[in-house]
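Reading through the structure tokens given below for one structure.
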Amino acid sequence: MSFYVQAHRLEKPKQAYPTKEELATLILNGNDSEHNSLVIDFDGKAHLIPLKGRMPNSLTGYAVRFETFGAENGYVGTEKSLNHLDHTYQCLLEGWLDHLVYGSTSYRDYSENEFTVEELLKQIENEINKYN
Numbered sequence: 011m012s013f014y015v016q017a018h019r020l021e022k023p024k025q026a027y028p029t030k031e032e033l034a035t036l037i038l039n040g041n042d043s044e045h046n047s048l049v050i051d052f053d054g055k056a057h058l059i060p061l062k063g064r065m066p067n068s069l070t071g072y073a074v075r076f077e078t079f080g081a082e083n084g085y086v087g088t089e090k091s092l093n094h095l096d097h098t099y100q101c102l103l104e105g106w107l108d109h110l111v112y113g114s115t116s117y118r119d120y121s122e123n124e125f126t127v128e129e130l131l132k133q134i135e136n137e138i139n140k141y142n
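Residue 11 is where the sequence shown starts when you use our numbering, and the numbers rise one by one after that.
Here it is, written out as structure tokens:
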């Protein structure tokens, strides 16, 4: 016997979406000697989680999970690690919008670039306003 638990949103998140500045802070404060996963929780807050021996797919209970930043690759921890900030932020917003629209969790490793960041933020706000 097996079962699957599916997340289902019933109310507004506490935070509409993570900001690009919050994401930059997470990336700069990351430890590049470890693998790190970037996630958005169900309250709309972004987190950078060191894996410390765990597999990336073991991270459950998050609305959005971004591709894992491999250790020693310069994705986190330094100013130069911000070179992927725009792309990463776009991907996270796309995943967050998918979560708000469909209620399911979302994994992202690339951006579809169908909408600009500004358009995504507007769509996210429209989705959030549907909740009481």
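Think of the CB as a built atom: it goes at the ideal place given N, C-alpha and C, for glycine as much as any other residue.
Per DSSP, histidine 45 lies in no alpha helix (DSSP H) segment and is marked neither H nor E.
Under the rule that a run must span 3 or more residues, the beta strand (DSSP E) segments found entirely inside the segment 24-102 read 46-50, 56-60, 74-76. Beta-carbon to beta-carbon, glutamate 104 and arginine 118 are separated by about 6 angstroms, close enough to satisfy the 8 angstroms threshold. The beta-bridge partner set that DSSP reports for serine 116 consists of Val74.
Out of Glu44, Lys24, Ser121, Glu129, the CA that lies nearest to the CA of leucine 95 is found in Ser121.
In the structure shown, the three-state DSSP call for leucine 130 is helix. Within the model, the alpha-carbon separation for tryptophan 106 versus glycine 80 is close to 22 angstroms. Between the alpha carbons of leucine 102 and proline 28 lies a gap of roughly 9 angstroms. When DSSP states are grouped into helix, strand and coil, leucine 110 belongs to the helix group.
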